[in-house]
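What follows is one structure encoded as C-alpha cells, with my remarks underneath.
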Ligand code: CO
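Residue numbers (my numbering): 20 to 153.
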C-alpha cells in the first residue's frame, strides 16, 4: 500500500536556526519558511535528491506540535510521511485492520495541497505516520 517516503518531519524550537544548520552546515537546499496558520505550524522544506525533510515550528495557540516540543525541548523527529495512491482505500484498509486514524478519520489538505491523514504511533512501532495521496 505505501509507496515512496515523501518526507521526514522534524519539530524544532527555532526554525531559522534549524534551516541554517541544514543550509550552511549540511549544505542542503532549503526553502523559505511558510506560515500555515490553519495547521498551527511554520514549515521549511529541505530538498534532498531522494526525499524531503520538513522542519516544523509552532505557530499560534494550540499548535499540534506544542506537546511534542514540551516533551522534546531540543526538537526531534515528529513524523514520517509515506505516499499512497488512493487515500480513501488506505483509510478503509487501515480501519478494517484496527489501526487508529487520528482526527475525524477523514483526509485533510496538507502542507503540499494534497489529502493527508495521520495514524496513531501506538499501531506503528511508536512512530506517528502521515499518509499523503500523490
Ligand atoms: Co508532514
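Cβ atoms here follow ideal geometry from the backbone N, Cα and C, with glycine treated the same way.
Residue 161, DSSP secondary structure in three states: The first residue shown for the chain is 20 and the last is 153, placing residue 161 beyond what the model contains.
Distance CB(residue 66)-CB(residue 38) smaller than 9 Å: Within the chain shown, the letter at position 47 stands for residue 66. Within the chain shown, the letter at position 19 stands for residue 38. Cβ distance not < 9 Å, so residue 66 and residue 38 don't count as in contact.
At least 3 beta-carbon pairs within less than 8 Å: the segment 93-103 vs the segment 53-60: no
Distance cut-off 8 Å: residue 100 Cβ against heavy atoms of the ligand CO: The count along the chain shown starts at 1 and reaches residue 100 at position 81. It does: the Cβ of residue 100 is within 8 Å (strictly closer) of some heavy atom of the ligand CO.
C-alpha gap between residue 94 and residue 31, whole angstroms: Residue mapping note: residue 94 aligns to position 75 of the chain shown, counting from 1. Residue mapping note: residue 31 aligns to position 12 of the chain shown, counting from 1. Taking the straight line joining both Cα atoms gives about 4 Å.
DSSP three-state assignment for residue 28, whether helix, strand or coil: Stepping through the chain shown from its first residue, residue 28 is reached at position 9. In this structure, residue 28 counts as strand in the three-state DSSP scheme.
Delimiting residues of the alpha helix (DSSP H) encompassing residue 87: Residue numbering aside, residue 87 sits at position 68 when the chain shown is read from its first letter. From DSSP, the alpha helix (DSSP H) with residue 87 extends over 85-90.
Nearest-angstrom Cα separation, counted from residue 85 out to residue 79: Within the chain shown, the letter at position 60 stands for residue 79. Within the chain shown, the letter at position 66 stands for residue 85. Computed Cα separation, rounded: 10 Å.
Whole-angstrom distance between residue 110 and residue 139, CA atom to CA atom: As a first step, residue 139 must be located in the chain shown, where it is residue number 120. As a first step, residue 110 must be located in the chain shown, where it is residue number 91. Put simply, the backbone Cα of residue 139 is about 13 Å away from that of residue 110.
Residue 150 beta carbon less than 9 Å from that of residue 136: As a working mapping, residue 136 is identified with position 117 in the chain shown. As a working mapping, residue 150 is identified with position 131 in the chain shown. Cβ atoms of residue 136 and residue 150: closer than 9 Å.
Residue 26: CB within 8 Å of a non-hydrogen atom of the ligand CO: Along the chain shown, one-based indexing puts residue 26 at 7. Indeed, a heavy atom of the ligand CO lies less than 8 Å from the Cβ.
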